[in-house]
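Asker: In terms of numbering that gives the first Met the number 0, the sequence shown is numbered consecutively and its last residue is 129. In this text, a Cβ means the ideal position worked out from N, Cα and C, and glycines have one as well.
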Amino acid sequence: MTGSDDALDSRLVRPFSMRRGRTSRRTSELSMSTLVWTVRTDIMPGELSPEQMQILELCHVRHGTAGRGSVGVAIAELSAMLDIPLAVTKVLASELIDRELLEFSKPARADDPDVTTMKRVLNGLRELRV
0 MTGSDDALDS RLVRPFSMRR GRTSRRTSEL SMSTLVWTVR TDIMPGELSP EQMQILELCH
60 VRHGTAGRGS VGVAIAELSA MLDIPLAVTK VLASELIDRE LLEFSKPARA DDPDVTTMKR
120 VLNGLRELRV
């Protein structure tokens with residue numbers, strides 16, 4: 000095998016070995032657009048996989064530097080930045096959430112009205128009653 004064949008071979012197997020057969024109860028709660036951010040960085044060396052350490056670092060840099068009002072990083076974005084499959088990224092992020100190292104928020108669904116829209120509707124209804 001040539002060097003490029005070895006690299007290709009390792010990319011086909013390696014991402015799925017990152018999970019080591021693990022799953023998380025929270026995996027189904029995470030979608031591609033779920034935002035995650037780092038809340039703790041007090042990790043002992045060797046406690047996490049290299050990929051999980053990268054996730055924490057990416058989420059800390061994106062969220063931590065801009066303050067509390069900043070947004071997190073989408074699961075799909077982490078998957079792309081780390082060049083690992085989405086399903087693997089979800090499992091790794093879920094484990095970090097379970098260990099309270101990451102927090103997440105589900106994006107609002109398109110069919111959920113926002114508060115501003117609801118207030119406008121309410122004000123409009125009040126005006127009709129006059």
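1. So is valine 70 buried or exposed if we call it buried at 16+ other beta carbons inside 10 Å?
2. Can you check which of these residues, Ser30, Thr33 and Thr88, is closest to glutamine 53 by C-alpha distance?
3. So, threonine 130 versus histidine 59, is the Cβ gap smaller than 8 angstroms?
4. Residues in its own chain within less than 6 angstroms of serine 78 by CB, not counting five upstream and five downstream?
5. Give me the residue from Asn122, Leu124, Met31 and Ser27 with the minimum Cα distance to glutamate 76.
6. I'd like the list of long-range same chain contacts for leucine 57, defined as Cβ closer than 7 angstroms, with 5 residues on each side in sequence excluded.
7. With respect to the beta strand (DSSP E) encompassing threonine 37, which residues constitute its N-terminal and C-terminal limits?
8. If we count the other Cβ atoms within 10 Å of its Cβ and call it buried at 16 or more, is glutamate 94 buried or exposed?
9. In the DSSP assignment, find the unbroken alpha helix (DSSP H) run with glutamate 102 in it and report its ends.
10. Alpha carbons only, please: which of Gln51, Pro44 and Lys105 is nearest the one belonging to leucine 29?
11. Closest to isoleucine 96 by CA distance: which of Gln51, Asp113 and Lys118 is it?
Answerer: This is what the structure gives:
1. Within the sequence shown, numbered from 1, the residue matching residue 70 stands at position 71. Answer is exposed; the Cβ neighbour count stays below 16.
2. As a first step, residue 53 is located in the sequence shown; it is residue number 54 there, counting from the start. When each option's Cα is compared against that of glutamine 53, the closest is Thr88.
3. Here the chain has residues from 0 to 129 only, and residue 130 is not among them.
4. As a first step, residue 78 must be located in the sequence shown, where it is residue number 79. Taken in chain order, the residues that qualify are Leu85 and Thr88.
5. Residue 76 sits at position 77 when you count from the first residue of the sequence shown. Of the candidates Asn122, Leu124, Met31 and Ser27, the one whose C-alpha sits nearest the C-alpha of glutamate 76 is Met31.
6. Residue 57 sits at position 58 when you count from the first residue of the sequence shown. Cβ neighbours of leucine 57 within its own chain (closer than 7 angstroms, five residues either side excluded): Val72, Leu77 and Met80.
7. If you number the sequence shown from 1, residue 37 lands on position 38. Where threonine 37 is concerned, the enclosing beta strand (DSSP E) stretches over 34 to 37.
8. Locating residue 94 in the sequence shown gives position 95, counting from the first residue. Glutamate 94 is buried by the Cβ-count criterion.
9. Mapped onto the sequence shown, residue 102 falls at position 103. Premise fails: glutamate 102 lies in the beta strand (DSSP E), 101 to 104, not in any alpha helix (DSSP H).
10. For the purposes of this step, residue 29 is taken as residue 30 along the sequence shown, with counting starting at 1. Checked all of Gln51, Pro44 and Lys105; the closest Cα to leucine 29 is Lys105.
11. As a first step, residue 96 must be located in the sequence shown, where it is residue number 97. Nearest option by C-alpha distance: Gln51.
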